[in-house]
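If you count by our numbering, then the sequence shown holds residues 694 to 838, one letter each, in order. Take a look at the structure below.
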Amino acid sequence: MGNVFEKLFKSLFGKKEMRILMVGLDAAGKTTILYKLKLGEIVTTIPTIGFNVETVEYKNISFTVWDVGGQDKIRPLWRHYFQNTQGLIFVVDSNDRERVNEAREELTRMLAEDELRDAVLLVFVNKQVHGRTASSLPLKLCMTT
Numbered sequence: 694m695g696n697v698f699e700k701l702f703k704s705l706f707g708k709k710e711m712r713i714l715m716v717g718l719d720a721a722g723k724t725t726i727l728y729k730l731k732l733g734e735i736v737t738t739i740p741t742i743g744f745n746v747e748t749v750e751y752k753n754i755s756f757t758v759w760d761v762g763g764q765d766k767i768r769p770l771w772r773h774y775f776q777n778t779q780g781l782i783f784v785v786d787s788n789d790r791e792r793v794n795e796a797r798e799e800l801t802r803m804l805a806e807d808e809l810r811d812a813v814l815l816v817f818v819n820k821q822v823h824g825r826t827a828s829s830l831p832l833k834l835c836m837t838t
């Protein structure tokens, strides 16, 4: 009987785990964001060939964040990371206006995947220059149904 209450208590108040997939076009800043979350500081990075994975703790939640490279040759491999993903962070470089349509196409393609249908989505607009707004960028990323 005590075991039942222990399991109930842990499920309500214990540490929760979440699997997060962070993707976006190459050079959007995914790895920088990952290590800012993990270490609390900006670190020098190189282009990700493959993936980085880190666990980030916040309150009673343990986020396992998978940062997957965004080069066009690597993007077809993203689907191998979809299974059991509970949260999707799609990173967009606000300074890379020429590739907004490409980013939208990739995001639209991912959102059509059954394995991601229940995942929470965060579109992270990165690299905003002080004094310059990226306010129209979210509208350009809008998907129509």
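C-beta atoms are modelled at their ideal positions from N, C-alpha and C, and glycine is treated no differently.
- By the CB criterion at 8 Å, F756 and M711 fall inside the cutoff.
- The beta carbon of Y774 sits closer than 7 Å to those of L714, W759, V761, all from its chain and outside the five residues before and after it, given in chain order.
- Here W771 is not bridged, per DSSP, to any residue.
- Cβ atoms of N794 and I726 stay farther apart than 8 Å, at about 22 Å.
- The beta carbons of Q776 and E808 sit closer together than 8 Å.
- DSSP, read as helix, strand or coil, puts T748 in strand.
- Beyond the five residues adjoining it in sequence on each side, A805 comes within less than 6 Å, by CB distance, of no other residue in the same chain.
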